[in-house]
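Below: one structure, written as structure tokens.
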Amino acid sequence: VIHWQTPQNSRYPGQWTSSVQVSWRRYSSSSHWQGVYVAERDNHRIQVLNSDLTYSSSFGRKGSNNGEFNWPYDVATDRDGNV
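Going by UniProt numbering, the sequence shown opens with residue 1, and the numbers climb by one from there.
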């Protein structure tokens, strides 16, 4: 796990559906899939990046139902690559 701390309320323009807005992010990678998952706390979602750190997809939105997050703090994968 890589922990990258940024100044609170930092905004980074990006190619995705909205700017990356974070107070900090955590990354997790899987040995079976050579990509990176990013817990994007302030946007209530998980970003999925390819191994070259280009955008692949994202999932989640604000809420408390299945597939929804409230300020995701961390992301982890199991040995089979499940998030």
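Where a beta carbon is used, it is the ideal one built from N, C-alpha and C, also for glycine.
Note down, in chain order, each residue of its chain lying with its Cβ closer than 7 angstroms to the Cβ of Q34, except the 5 sequence neighbours on either side. S51
For Y55, tell me which candidate among P72, A76, V36, N82 has the shortest Cα-Cα distance. V36
With burial defined as no fewer than 16 other Cβ atoms inside 10 Å of the residue's Cβ, what is the status of R41: buried or exposed? buried
Buried or exposed: R45, going by 16 or more other Cβ atoms within 10 Å of its Cβ? buried
Hey, how far is the Cα of G67 from the Cα of D74? 15 angstroms
List the residues that DSSP assigns as beta-bridge partners of R45. E40
I think F69 touches G81, with their Cβ atoms under 8 angstroms apart; what is that distance to the nearest whole Å? So it is not a contact: roughly 20 angstroms between Cβ atoms.
Under DSSP, the beta strand (DSSP E) around F69 begins and ends at which residues? Where F69 is concerned, there is no enclosing beta strand (DSSP E), given that its DSSP letter is neither H nor E.
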